[in-house]
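Q: Sending over a structure as structure tokens; questions will come in a sec.
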Amino acid sequence: RLEMPFFYVPGNHDLREVKGSRILKKKWHERLGRTYYHFKYNDVLFLCVSTEDFDPNAKYTWANSYI
């Protein structure tokens, strides 16, 4: 058991368009929420963004709003 925060973000084939991926995407969103988010820790901004981008323009706009 980790004694520290743990932040999830999909990538490296986690939600790739393959057989069964629709179920994986649904389960991801049910259990973990969005595939991109941000947080600050000690004045450092962390942008967590899925590498399996389904809408690159939306995520680019989102990221630019924080930097």
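Just add 58 to the spot in the sequence shown (first one is 1) and you have the numbering used here. Glycine is no exception: its CB is placed at the ideal position from the N, C-alpha and C atoms.
For Tyr124, which residues does DSSP report across the bridge?
A: Here the question's residue 124 lines up with position 66 in the sequence shown. Answer by DSSP bridge pairing: none, since Tyr124 is not bridged.
Q: Counting C-beta neighbours from all protein chains within 10 Å, is the total for Thr93 16 or more, i.e. buried, or is it exposed?
A: By one-based count along the sequence shown, residue 93 stands at place 35. Under this definition Thr93 is a buried residue.
Q: Give every residue of the same chain whose Cβ lies closer than 6 angstroms to the Cβ of Leu105, excluding the five residues on either side of it in the sequence, and list them in chain order.
A: Taking the sequence shown and counting its residues from 1, one reaches residue 105 at position 47. So the qualifying residues of the chain are His96, Ala121.
Q: Helix, strand or coil for Tyr118 per DSSP?
A: Counting from 1 along the sequence shown, the entry for residue 118 is found at position 60. Helix.
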